[in-house]
Amino acid sequence: MDEFVYKFLKHTGPILCLDIGSGTQDALLARPGLECENWPRFVLPAPARMVAQRIRELTLLRRDIWLYGNNMGGGFTQAIKEHLAAGFKVRSTPAASRGIHDSEDVVRKIGVEFAANCPENSVPIFLSDYAPDFWAGLLRTSGLPQPHLVLAAAQDHGYHVGGNRQARMCMWSHLLASSADPAEWIYSSPPPALTRLLPLHEKTGGPVADTGTSALLGALCDAEVMERSFREGVTFINVGNGHTVAALLYKGLVRGIYEHHTGMRDLEQLLHDLEEFRKHWLPAEEVQSTGGHGTAFGPYCEEAGGYEPTYITGPKRALLQGYGRFLAPHGDMMLAGSLGLLWGWARLHSN
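What the sequence shown shows, in the working numbering, is residues 2 to 352, in sequence order.
In structure tokens:
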């Protein structure tokens, strides 16, 4: 780990870094005075998966439920549909319903009713990507200090009248236009349009970023990737449980972004997309026509070459076995996003 990170920790104190995906939430407690290899780390089920499990338990118990809290990852929508299909009621506050969909009309069509307070005989379920009491208890039970700062990443579809795929690519295009340095994509305070990151920031009180950003930073904090990118363009791919994000990197900067749903691309389709993407020949509309989010590009850099060197991370990386080097920044692939958040934030504030 770069020396500026250790210096930043010495000044700041312990930092909890969270990378919240659709399958897992990957956490790192960076502690001053310890080598990064000795920082405590946790790979736990994603908050949305824990909500889904709780809903299914209450389906078996034949109980109505009431959702409250705020917007979070929506990996529990299928559990809600199953609960409704079993004949039990689902009610929600408007704020919590955004974890199902940003449109209240869509939520109503699913069968969810709105209620500001918990109805009689319903079981309340709290929705949040970050629960301070949970983390305080886990760290305390583990004999670990409480963090002085929380850095967190989650995928934010945002809200766009054209749909969340349009919102995602508007976000990437805006970020690329504002800066090609992904460390600059960490928000001290996210804009209101980012309807998931905003309540996450309000809960943690700290900086937040998209999980695509944290994955990119995780790759760049690996010395080999950064150094190679100054010799020629490289391709970075994160094959996540829900989404696959690829980036063209040159001289430590992002030159292009590709995003699709992991389950919608087989190996042949993904390799074809990546070949076109490396050439800047893959328009966002073509990716969206196959169910993906799209592409966004910065200025074309002829001197970067063909972006042939390829580095791969993510829990579903086996899909690309043999098509690049599997990356494990600082020895831990699952913590790449958390390490990247810390590295990027420290780099921004180390001067």
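All C-beta atoms in this analysis are idealised placements derived from N, C-alpha and C, irrespective of residue type, glycine included.
These figures come from a predicted structure and were not determined experimentally.
- When DSSP states are grouped into helix, strand and coil, G332 belongs to the helix group.
- Cβ contact annotation for H331 (same chain, cutoff 8 Å, sequence separation greater than five): M2, C37, E38, C222, D223 and L340, in chain order.
- The beta carbons of S23 and G243 sit closer together than 8 Å.
- Note on S143: under 16 other CB atoms within 10 angstroms of its CB, so exposed under the neighbour-count rule.
- Boundaries for I66: no alpha helix (DSSP H) harbours it, while the beta strand (DSSP E) harbouring it runs D65 to G70, taken from the DSSP string.
- When C-alpha distances from Y259 are compared across D274, K252, E269 and Q270, the shortest belongs to D274.
- For I101, the secondary structure class from DSSP, reduced to helix, strand or coil, is coil.
- Of the candidates A47, L218 and E114, the residue whose Cα lies closest to the Cα of Y69 is E114.
- Residues of the same chain with a CB within less than 7 Å of the CB of F127, apart from the 5 flanking positions on each side, are Y69 and G70 in chain order.
- In this structure the region 281-292 does not touch the region 227-244; the number of beta carbon pairs closer than 8 Å is below three.
- The beta carbon of R42 is closer than 6 Å to those of L29 and L336 in its chain, skipping five residues each way along the sequence.
- Exclusion of the five residues before and after I187 leaves P208, A210, G345 and W346 as the residues of its chain whose Cβ lies within less than 6 Å of its Cβ.
- In this structure, the alpha-carbon of L139 lies about 16 Å from that of T205.
- Residues L68, Y69, G70, N71, N72 and L128 of the same chain have their beta carbon placed closer than 8 Å to that of A97, with the five preceding and five following residues left out of the count.
- Contact between Y308 and T245 is ruled out by a C-beta separation of about 16 Å, above the 8 Å threshold.
- Shown here, L140 sits in a helix according to DSSP, grouped into three states.
- Under a 10 Å Cβ-count criterion, N122 is classified as exposed, with fewer than 16 other Cβ atoms of the shown protein chains found around its own Cβ.
- A straight-line Cα-Cα distance of about 39 Å links T291 and P133.
- When DSSP assignments are scanned along the region 288-340, the uninterrupted stretches of beta strand (DSSP E) that are 3 or more residues long and fall wholly within it turn out to be 295-298 and 311-314.
- DSSP places I187 in the coil class of the three-state scheme, outside both helix and strand.
- Spanning the alpha carbons of G14 and A53 requires a straight line of approximately 35 Å.
- In the same chain as G338, and ignoring 5 residues on each side of it, the C-beta atoms closer than 7 Å to its own belong to D20, D27, A154, T212, S215, A216 and G219, in chain order.
- Using a C-beta cut-off of 8 Å, the region 185-200 makes no contact with the region 291-302, since fewer than three inter-stretch Cβ pairs fall below that distance.
- With 16 or more other Cβ atoms from the protein chains shown falling within 10 Å of its own Cβ, P183 counts as buried.
- Across the set Y7, R92 and R141, the C-alpha of R92 shows the shortest separation from the C-alpha of N118.
- By the 16-neighbour rule on beta-carbons within 10 angstroms, V107 is exposed.
- R109 sits in a helix when the DSSP states are folded into three classes.
- Cβ neighbours of L254 within its own chain (closer than 7 Å, five residues either side excluded): A181 and D182.
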